[in-house]
Amino acid sequence: MCQTILVTGATGFIGRVLVEYLKKSGDVPRILVRPESDAAKARAMGVEIRKARYNDPDMLREAVRGIDSIIHLAGVTRSATREGYYQGNVVPVNNLLRAFVEVNPSPGRFVLVSSLAAAGPAPMAGEGVREEYPPLPVSGYGRSKLDAEHICLSYRDTLPVTIVRPPAVYGPGDRDVLQFMQLLKKGLVLGAGDIDRQRLSLIHVEDLVEGIVMAARSPAGIGETYYITSPEWYSWDQLAAVAAKELGVASVRKMSLPKPLMRLAGTIAGLAGFVTGKTGLLNPDKVNEMVQDYWICSPQKAERELGFIAKTPLEEGMRRTIAWYREEGWL
Ligand SMILES: NC(=O)c1ccc[n+]([C@@H]2O[C@H](COP(=O)([O-])OP(=O)(O)OC[C@H]3O[C@@H](n4cnc5c(N)ncnc54)[C@H](OP(=O)(O)O)[C@@H]3O)[C@@H](O)[C@H]2O)c1
1 MCQTILVTGA
11 TGFIGRVLVE
21 YLKKSGDVPR
31 ILVRPESDAA
41 KARAMGVEIR
51 KARYNDPDML
61 REAVRGIDSI
71 IHLAGVTRSA
81 TREGYYQGNV
91 VPVNNLLRAF
101 VEVNPSPGRF
111 VLVSSLAAAG
121 PAPMAGEGVR
131 EEYPPLPVSG
141 YGRSKLDAEH
151 ICLSYRDTLP
161 VTIVRPPAVY
171 GPGDRDVLQF
181 MQLLKKGLVL
191 GAGDIDRQRL
201 SLIHVEDLVE
211 GIVMAARSPA
221 GIGETYYITS
231 PEWYSWDQLA
241 AVAAKELGVA
251 SVRKMSLPKP
261 LMRLAGTIAG
271 LAGFVTGKTG
281 LLNPDKVNEM
291 VQDYWICSPQ
301 KAERELGFIA
311 KTPLEEGMRR
321 TIAWYREEGW
331 L
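Take the sequence shown: its letters are residues 1 to 331, numbered as in this note's numbering.
Okay, structure coming up:
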């Protein structure tokens, strides 16, 4: 049945792909934009726009009126302060849920897009994190996403909620993998910590949005948490080999900054960010994420309960991503 779905964070990397997917699937996406949002990007999506501030209950109530379901993607992945993560990742979930329940006598699904960071890395090689493992986040970002999950689950008896935890996401529009590509184009893989040991789960953005929508539609998904991920755990060598081939880079040098040096750099950059008020890529919190060995998770529960299987092979996903970066002049 056709649903009116409110998407938050719609102008972001994943949000734009999700809105396009929903449009094609016959649902009616609406997007919630903030005063700070990129208005041109929002208008270009060609869907109804609801305007709100996450700390304004009246505006939020208006934004969620007449909405069947909400997919909450909005969030902050980089902040110099705990407060920044709290305001960006925790407050919106709390206030949005409250507004949804207040205006809607029988609210539909609320999907929170959380992160593998909420659970933390896997403790050992070959053992991807599963949904039932106790969460052990290693960063302020991860802790804020976990706090948001707890709020979401506290509404479990009032409305159907579902949590999706993606690992690292790549695809057209992503700026994190772009940095890896930019260095690789110069023949360099630059890592932090033990990059020969490290493994990571990845998901192509188009596979992720399909998984999010499957979780949102599935009756089995009510009250549940899922890792939406591809089944492989990649080494940096594998990723570099696939991307280098597509980029036409013949030889690649690998360089890794040892953990103590990374921690020192993170502390200095963090202090600089604190003084200037600018959030850079590096701060002690981000470093703590970067030096972990196993950002890996298991897709088995999503496969079993939702029938979700990531379709995009790495080679194909990288090829499409690099083609997009080139078209846009990013690479
Ligand atoms: N990308 C990844 O690898 C990855 C991995 C795991 C989980 N996730 C999660 O997936 C979600 C979307 O990620 P993304 O990669 O698409 O990020 P993104 O490109 O940074 O988009 C996030 C969006 O959130 C909204 N936003 C920004 N600052 C905000 C604030 N202070 N308060 C409330 N909303 C704010 C903005 O959308 P509007 O301007 O339209 O409001 C922004 O475009 C996030 O919740 C993230 O934690 C991402």
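Each residue gets a CB set at the ideal place from its N, CA and C atoms; glycine is no exception.
| Query | Result |
| --- | --- |
| Can you tell me whether residue 150 is buried or exposed, with buried defined as 16 or more other CB within 10 angstroms of its CB? | exposed |
| What whole-angstrom Cβ distance do residue 112 and residue 93 have, given they're in contact under 8 Å? | 6 Å |
| So what does residue 165 bridge to, in DSSP terms? | 227 |
| Suppose contacts are defined by Cβ-Cβ distances below 7 Å. Is residue 229 in contact with residue 203 by that definition? | yes |
| Could you spell out where the beta strand (DSSP E) holding residue 192 opens and where it closes? | 188 to 192 |
| Report the CB separation of residue 52 from residue 34 in whole angstroms; it is logged as a contact under 8 Å. | 7 Å |
| Take residue 199 and list the residues in its own chain whose beta-carbon comes closer than 8 Å to its own, dropping the five residues that flank it on each side. | 125, 233, 234, 235, 293, 294, 295, 296 |
| Roughly how many whole angstroms lie between the Cα atoms of residue 155 and residue 245? | 48 Å |
| Among residues of its own chain, excluding the 5 on either side of residue 29, which ones have a beta-carbon nearer than 7 Å to its beta-carbon? | 5, 7, 19, 22, 23, 47 |
| Determine the direct distance from the alpha carbon of residue 88 to that of residue 168, and round the result to whole angstroms. | 19 Å |
| Would you mind reading off the limits of the alpha helix (DSSP H) that contains residue 318? | 314 to 327 |
| Considering only residues of the same chain and omitting the five flanking positions on each side of residue 240, which have a CB-CB separation below 7 Å? | 184, 189, 252 |
| Going along the chain, which residues of its own chain have a beta-carbon closer than 6 Å to the beta-carbon of residue 231, five neighbours each way excluded? | 299 |
| Residue 55: which of 309, 123, 97 sits nearest, CA to CA? | 97 |
| Name the two residues that bound the continuous beta strand (DSSP E) containing residue 51. | 48 to 51 |
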